[in-house]
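Have a look at the structure below, then the notes.
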Amino acid sequence: MTKVAVGILQKDGKLLVCQRKRGSRYGLKWEFPGGKVESGENTFECLRRELHEELSLKIEQIEKVETHRAFYEDGGMFEVDYCFVSNVQGEPMNNVFEQIRWVTVEELRSLDVLEGNRPFIESLTGSRSSR
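Numbering (our numbering), first residue to last: 100 to 230.
Written out as structure tokens, the structure reads:
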């Protein structure tokens, strides 16, 4: 099972989501930024590295809020740590995605997101999305 860390970044009541590149595994699906936890890393180290590589962001504070497992039809098995990220330095720059967008929770529910992200998206409540 692949361990993954993803960051939930919020600004002005919206969440940052990223669309995978066309032709990549799960291409054009929307997801929260983050990535695979490498050997010797923990969730927080991974998230700091990934957000810097993917979006040129530096982050100060990470709060792990949920973990979900996802099993895909192509055999992909992932354990995903969802983390709220705050004290972000910089503005997101798209370094690896098809596109990035700030969306409301309602808009997020209408996007073609990775199936494994759906349980977390459904768990977002008014109190969480207003952090």
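Glycine is no exception: its CB is placed at the ideal position from the N, C-alpha and C atoms.
- Nearest to Gly122 by C-alpha distance, out of Trp201, Glu197, Asn216, Leu213, is Glu197.
- Taking the CA atoms as reference points, Glu206 sits about 11 Å from Val212.
- Close CB contacts of Arg208 within its chain, under the 7 Å cut and outside five residues either way in sequence, are with Ile220 (chain order).
- Taking the C-beta atoms as reference points, Lys120 is found nearer than 8 Å to Gly126.
- Between the segment 185 to 192 and the segment 167 to 174 there are fewer than three C-beta pairs closer than 8 Å, too few to call the two in contact.
- As a beta-bridge residue in DSSP terms, Cys182 pairs with Gly106, Lys163.
- If you check the CB distance, Val184 and Gly106 come in under 8 Å.
- In this chain, the alpha helix (DSSP H) harbouring Leu207 covers 204 to 209.
- Distance between Trp129 and Asn216, taken at the CA atoms: about 9 Å.
- In the three-state scheme derived from DSSP, where H, G and I count as helix and E and B as strand, Glu130 is classed as strand.
- Under the three-state reduction of DSSP, Arg147 is assigned to helix.
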